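**Q** If you scroll down you'll find the structure; I have some questions about it.
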Amino acid sequence: MSHTFGARALSATGLTKRFKTGRTYIEVLKSVDFDALHGDVTMVMGPSGSGKSTLVATLSGLLKPDDGQVRAMDTDLWSLRPGQIDRFRLDHCGFIFQGFNLFGALTALQQVAYILKHKGFSPEEARAKAETALAEVGLTNRMNQRPAELSGGEKQRVAIARALAKAPDLLFADEPTSALDGENGQVVIQLLQRAAKAHGAAVICVTHDPRLEAYADRIIHIEDGRILDDRRTTPPPVAPSPALTGA
Ligand SMILES: Nc1ncnc2c1ncn2[C@@H]1O[C@H](COP(=O)(O)OP(=O)(O)OP(=O)(O)O)[C@@H](O)[C@H]1O
Ligand SMILES: [Mg+2]
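Sequential numbering from 38 applies to the sequence shown in this note's numbering.
Structural data, given as structure tokens:
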């Protein structure tokens, strides 16, 4: 699927989320407006507990906000039924989260190929694409191992390969480099950047890692459930030259 670079992939208005703690509610998102463009790497930064993961979960159909709207890929996300939201995530979203959500019984190769088969690729295509995606994160010689036989950083890289292989329209990453050394962190952020620049994904990346700031097109600061600052650091996204897409 091709995208109009610079077009809005996602926009949210008035997002509010409260959690009950004991007898009181704490408001974790306080009427947040947010948008993300095709071709941008948008970084969300802020202190621990400021609401970053909650924001990403409400934007991506994982956690229903108490109030507010999310329009994603021209769909009013939270007006969909739960099954339709699952389908939306499968069709449009990639996730790179803490916790990885890998299937214990599947090898690295099978984890990635599984998602691609769901997207409609034949078993052979899925396998070939999965091999390429794992090679890109440096896991060629770990492809046949199961999660229990992989290190934390290797598991994180499998999750990244899985998210990138399906070329998602929306790519959500929450601390994608937290379990990685400097070199592998660099590889990952470059892959996120390529998803945006070559394929036009809207990449939304939560991070504490100041090394990643240099790769952002836009940096959004959130504190205590509110956006304090929204700063574009590069010119608005434009379609890449053919050399970049390999077309
Ligand atoms: N399910 C929940 N029930 C109650 N409180 C919650 C729940 N999930 C999150 N919170 C609270 O909401 C606040 C925001 O949490 P969130 O995970 O969004 O923060 P964060 O910015 O991602 O922090 P970190 O950088 O530590 O990951 C925190 O104070 C947290 O304790
Ligand atoms: Mg978090």
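For each residue, glycine too, the CB sits at the ideal point set by N, CA and C.
None of these values were measured; they are calculated from a predicted model.
(1) Can you give me the Cβ contacts of G141 inside the same chain, cut-off strictly under 8 angstroms, excluding the 5 residues immediately before and after it?
(2) Over the uninterrupted beta strand (DSSP E) stretch that includes T79, give me the two end residues.
(3) Please classify D77: is it buried, with 16 or more other beta-carbons within 10 angstroms of its beta-carbon, or exposed?
(4) What did DSSP end up calling F42 once you bin it into helix, strand or coil?
(5) Exposed or buried, what is T269 when buried is set at 16 or more other beta-carbons lying within 10 Å of its beta-carbon?
(6) Decide yes or no for the touch test of the segment 214 to 222 against the segment 246 to 254: beta carbon pairs closer than 8 angstroms, at least 3 of them.
(7) Determine the DSSP secondary structure at S97, reduced to helix, strand or coil.
(8) Go ahead and pull the three-state DSSP assignment for D70.
(9) Quick one, are the C-beta atoms of A251 and D206 less than 8 angstroms apart?
(10) Using a Cβ-Cβ cutoff of less than 8 angstroms, which residues in the same chain neighbour P102 once the five nearest sequence positions on both sides are dropped?
(11) When the Cα atoms are used, what is the spatial distance from V107 to P277?
(12) Whose CB is closer than 7 angstroms to a heavy atom of ligand 2? List the residues in chain order.
(13) Let me know the secondary structure DSSP gives Q148 once reduced to three states.
(14) Just confirm the distance between the C-beta atoms of V81 and L92, as a whole number of angstroms; I'd bet it's less than 8 angstroms.
(15) Just to confirm before moving on: does the CB-CB distance between R199 and I152 stay below 8 angstroms?
(16) Give the C-beta separation of G105 and T50 to the nearest angstrom, bearing in mind that I take them to be a contact with Cβ-Cβ under 8 angstroms.
(17) Apart from the five residues on each side of it in sequence, which residues of its chain come closer than 7 angstroms, Cβ to Cβ, to P160?
(18) Would G131 and F209 qualify as a contact pair, given that the criterion is a beta-carbon distance under 8 angstroms?
(19) Are the CB atoms of F125 and H75 nearer to each other than 8 angstroms?
(20) Grab me the residues of A150's own chain with a C-beta within less than 6 angstroms of its C-beta, minus the 5 sequence neighbours each way, in chain order.
(21) Need the endpoints of the alpha helix (DSSP H) that H251 sits in, please.
(22) Residues in its own chain within less than 6 angstroms of I197 by CB, not counting five upstream and five downstream?
(23) Tell me which residue opens and which closes the beta strand (DSSP E) that L117 is part of.
**A** Working from what's here:
(1) For the purposes of this step, residue 141 is identified with residue 104 of the sequence shown, where counting begins at 1. For G141, where only same-chain residues beyond five positions count, the Cβ hits under 8 angstroms are R183, P184, A185.
(2) Reading the sequence shown from its first residue, position 42 is the one you call residue 79. Looking at the DSSP string, the run of the beta strand (DSSP E) that includes T79 is 78 to 82.
(3) Taking the first residue of the sequence shown as position 1, residue 77 is located at position 40. When all chains shown are included, D77 counts as buried.
(4) If you number the sequence shown from 1, residue 42 lands on position 5. Of the three classes helix, strand and coil, the one that applies to F42 here is coil, per DSSP.
(5) Reading the sequence shown from its first residue, position 232 is the one you call residue 269. Here the sequence assigns Arg to residue 269, which means Thr is not the residue at that position. When all chains shown are included, R269 counts as exposed.
(6) yes
(7) Stepping through the sequence shown from its first residue, residue 97 is reached at position 60. Of the three classes helix, strand and coil, the one that applies to S97 here is coil, per DSSP.
(8) Counting from one through the sequence shown, the residue named residue 70 turns up at place 33. Correct three-state label for D70: strand.
(9) On the sequence shown, residue 251 is found 214 positions in, with the first residue counted as 1. On the sequence shown, residue 206 is found 169 positions in, with the first residue counted as 1. Not closer than 8 angstroms, so no.
(10) On the sequence shown, residue 102 is found 65 positions in, with the first residue counted as 1. Excluding positions up to five away in sequence, the list reads L52, T53, K54, L66, T95, W115.
(11) For the purposes of this step, residue 107 is taken as residue 70 along the sequence shown, with counting starting at 1. For the purposes of this step, residue 277 is taken as residue 240 along the sequence shown, with counting starting at 1. Rounded to the nearest angstrom, the two C-alpha atoms are 28 angstroms apart.
(12) K89, S90, D211, E212, V243
(13) Along the sequence shown, one-based indexing puts residue 148 at 111. Helix at Q148.
(14) Within the sequence shown, the letter at position 44 stands for residue 81. Within the sequence shown, the letter at position 55 stands for residue 92. Indeed, because the Cβ distance is near 7 angstroms, the residues count as touching under 8 angstroms.
(15) Numbered from 1 along the sequence shown, position 162 holds the residue referred to as residue 199. Numbered from 1 along the sequence shown, position 115 holds the residue referred to as residue 152. A contact, by the Cβ cut-off of 8 angstroms.
(16) Taking the sequence shown and counting its residues from 1, one reaches residue 105 at position 68. Taking the sequence shown and counting its residues from 1, one reaches residue 50 at position 13. Indeed, because the Cβ distance is near 6 angstroms, the residues count as touching under 8 angstroms.
(17) The sequence position of residue 160 within the sequence shown is 123, counting from 1. The answer, listed in chain order, is K154.
(18) Taking the first residue of the sequence shown as position 1, residue 131 is located at position 94. Taking the first residue of the sequence shown as position 1, residue 209 is located at position 172. Yes, the pair counts as a contact, with Cβ atoms nearer than the cut-off.
(19) In the sequence shown, counting from the first residue as 1, residue 125 sits at position 88. In the sequence shown, counting from the first residue as 1, residue 75 sits at position 38. Contact: no.
(20) Within the sequence shown, numbered from 1, the residue matching residue 150 stands at position 113. Answer for A150: A163, R164, A167, listed in chain order.
(21) In the sequence shown, the residue the question calls residue 251 occupies position 214. Looking at the sequence provided, one finds Ala at residue 251 rather than His. Note, A251: premise wrong, no alpha helix (DSSP H); not H, not E.
(22) Sequence index remark: in the sequence shown, residue 197 carries index 160 (1-based). Taken in chain order, the residues that qualify are I133, V174, V225.
(23) Sequence index remark: in the sequence shown, residue 117 carries index 80 (1-based). Per DSSP, L117 belongs to no beta strand (DSSP E) and is neither H nor E.
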